Amino acid sequence: MFKKLLPLSTLLLTSMTFAQTNPLSVHVLNLENGLPSAQVEVVLEKSTGNKWVKLNQQYTGSNGRITALFPENQKFEAGTYKVTFKTENWFKKNNQNTFFPEIPVIFKVDGSVSHYHIPLLLSPYGYSTYRGN
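Now the structure itself:
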């Protein structure tokens, strides 16, 4: 029993440590059934002057999460960022229509906290988001 628990606990601890060291995570939940929304494309951009510069792109995992959205090789600086949830393809894969083909969430980083978490509660005709922890 101990031999089985040790690798599992090591994996869990490693995942938690990595998620805590990366400054940005997201979580998408389907409001219709309360389940995680897997395979939602998420794009991270930073406002630079008059334009948005793409920093990263990932897909949510089976738990609806991306625990490390910010690129490892870059410094997380104060500024205005945008996380865009590309929802149209996700709804199509689930045989549903949506009013919102994508959901951009623009937020400011001021350096007052070391980690930002953006949850998205999603349904075909509405959504809610907030600053998580």
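Using mature numbering (1 follows the signal peptide of the UniProt record, and there is no 0), the letters of the sequence shown correspond one by one to residues -19 to -1, 1 to 114.
No residue lacks a Cβ here, since even glycine has one placed at the ideal position from N, Cα and C.
Keep in mind the model is a prediction, meaning the values are calculated, not measured.
Determine the closest residue to residue i out of the options, with distance taken between C-alpha atoms.
{"i": "Lys32", "options": "Asn3, Lys63 and Val7", "result": "Lys63"}
What's the gap between the Cα of residue i and the Cα of residue j?
{"i": "Glu69", "j": "Glu13", "result": "16 Å"}
{"i": "Val34", "j": "Asn75", "result": "30 Å"}
{"i": "Gly15", "j": "Arg112", "result": "19 Å"}
{"i": "Ser104", "j": "Asn54", "result": "34 Å"}
{"i": "Val21", "j": "Thr65", "result": "10 Å"}
{"i": "Asn114", "j": "Lys73", "result": "30 Å"}
{"i": "residue 115", "j": "Thr29", "result": "Outside the shown range of the chain, which is -19 to 114, sits residue 115, and nothing can be said about it."}
{"i": "Ser95", "j": "Pro4", "result": "6 Å"}
{"i": "Lys67", "j": "Pro82", "result": "6 Å"}
{"i": "Asn78", "j": "Pro17", "result": "18 Å"}
{"i": "Trp71", "j": "Tyr106", "result": "14 Å"}
{"i": "Lys27", "j": "Phe80", "result": "26 Å"}
Throw me the rounded Cβ distance for the residue i and residue j pair, which I believe falls under 8 Å.
{"i": "Thr2", "j": "Ala19", "result": "Not quite, the Cβ-Cβ distance comes to about 24 Å (not below 8 Å), so this is no contact."}
Taking 8 Å as the limit between beta carbons, can you name the residues of its chain near residue i, skipping five residues before and five after?
{"i": "Thr110", "result": "Ile84, Val86, Ile99, Pro100, Leu101 and Leu102"}
{"i": "Asn37", "result": "Val24, Leu25, Leu50, Phe51 and Pro52"}
Spatial neighbours of residue i within its chain, please: C-beta separation below 7 Å, excluding the five flanking residues on both sides.
{"i": "Gln39", "result": "Val23, Ile47 and Leu50"}
{"i": "Tyr108", "result": "Phe81, Ile84, Leu101 and Leu102"}
Would you say the stretch 47 to 63 touches the stretch 85 to 102, given that touching needs at least three Cβ pairs under 8 Å? yes
Across the stretch 45 to 52 and the stretch 8 to 19, are there enough close Cβ pairs to call them in contact, namely three or more that are closer than 8 Å? Contact between the stretch 45 to 52 and the stretch 8 to 19 is established, with three or more Cβ pairs separated by less than 8 Å.
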